[in-house]
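S.K.: Numbering that gives the first Met the number 0 puts the first residue of the sequence shown at 0, with every later residue one more than the last.
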Amino acid sequence: MKSLRTAQELIEFAKASMVQTGYSEEYISVLSGTWNALKKYLSQKSILQFTPTIGISFLQDQYGIRSDCMYRKLSKVDKRRKRAILILNNCSEHESIITPKSYSPCKFALQFQKEFQRFIDVRIESGLSLTTINRDINCLNKLSKYLDGSNIQKLEELESTNIIGFVKSLSISGKLPTLNGAVSSLRLFLKFSLDEHYISKDLSHFVPQVYCKPEGIPSVYTKDEIQQLLNSVDRTGPIDKRNYAMLLLAARLSIAKRMSH
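Next up, the structure:
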């Protein structure tokens with residue numbers, strides 16, 4: 000932002016904005032630990048003005064948080080540290096503690112535009128997150144294209160076969176997490192359409208459930224993976240040698256079992 004140039008000014012502005020928005024003093028105090036470390040970091044480097052680039056360097060140098068590391072993979076403490084810097088970034092660029100919402104463009108066919116847009120407007124008015132709204136928009140964009148290609152001229156013409164066909168088209172190219180979000184949006188839209196009398200039948204029952212199996216421990220390891228696991232075991236002490244022997248025995252039994260099948 001133009002009027003707040005130094006890190007100290009940005010931090011004070013961020014604190015005041017967070018208080019006004021309703022954040023607790025306790026939460027602000029937790030973030031202040033990172034901000035205090037930032038001020039010390041900038042002082043040591045004789046830097047007065049904060050920029051997002053400096054924020055990235057600070058996180059890397061001070062905490063080892065790389066800019067290419069996904070937020071969800073950070074530890075709880077590092078998430079808090081990065082959040083503190085992101086707040087300053089937003090204050091610097093947008094004069095707000097949060098980034099202004101940017102919704103995906105709605106690309107609805109003319110014959111569905113009124114009903115689809117009404118659904119999106121209601122969802123926005125409900126205070127749902129940007130991610131959820133964009134998921135809804137993305138689903139309806141694809142639904143609009145599919146129905147238009149199927150020569151559907153109004154929602155009243157929708158049948159169960161259209162819904163099943165649309166979900167099938169999504170499953171061909173979509174990944175499970177993405178498909179799971181799409182069918183959730185589709186189900187909500189169909190219920191909304193029934194409530195608003197856009198359709199006369201409840202077609203939401205024809206939307207299948209999509210279950211995403213969480214990633215866990217692999218049931219089968221390759222020989223290279225087994226060797227890498229064995230090489231990582233410390234064998235300096237008696238207990239370490241015992242653990243190594245147990246792993247080696249288990250690995251050989253596993254390999255022998257696979258070769259017998």
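All C-beta atoms in this analysis are idealised placements derived from N, C-alpha and C, irrespective of residue type, glycine included.
1) S183 and N137: beta carbons closer than 8 Å?
2) Roughly how many angstroms lie between the CA atoms of K72 and R65, to the nearest whole one?
3) Leaving out five residues on either side along the sequence, give the residues of the same chain with a beta carbon under 8 Å from the beta carbon of I27.
4) Expressed to the nearest angstrom, what Euclidean distance is found between the alpha-carbon atoms of A6 and L129?
5) Are the segment 117-135 and the segment 153-165 in contact at 8 Å, needing three or more beta carbon pairs?
6) Quick one: Cα of L189 to Cα of S101, how far?
7) Please report how far the alpha carbon of S199 lies from the alpha carbon of F107, in whole angstroms.
8) Report buried or exposed for F12, applying the criterion of at least 16 other Cβ atoms within 10 angstroms of its Cβ.
9) Measure the CB-CB distance between G32 and N88 and report whether it falls below 8 Å.
10) Give the DSSP bridge partners of Q48, in chain order.
11) Under three-state DSSP, which class holds D233?
12) Give the range of the alpha helix (DSSP H) segment to which H93 is assigned.
13) Can you give me the Cβ contacts of K240 inside the same chain, cut-off strictly under 8 Å, excluding the 5 residues immediately before and after it?
14) K81: buried (16+ other C-beta within 10 angstroms of its C-beta) or exposed?
15) From T177, Q208, S149, pick the residue whose C-alpha is nearest to that of L135; which is it?
16) Measure the CB-CB distance between S91 and F118 and report whether it falls below 8 Å.
M.R.: According to the structure data:
1) no
2) 11 Å
3) K14, M17, V18
4) 28 Å
5) no
6) 25 Å
7) 21 Å
8) buried
9) no
10) T5
11) coil
12) 75-93
13) R234
14) buried
15) The question names Leu, yet the displayed sequence has Asp at residue 135. Measuring from the Cα of D135, the nearest candidate turns out to be T177.
16) no
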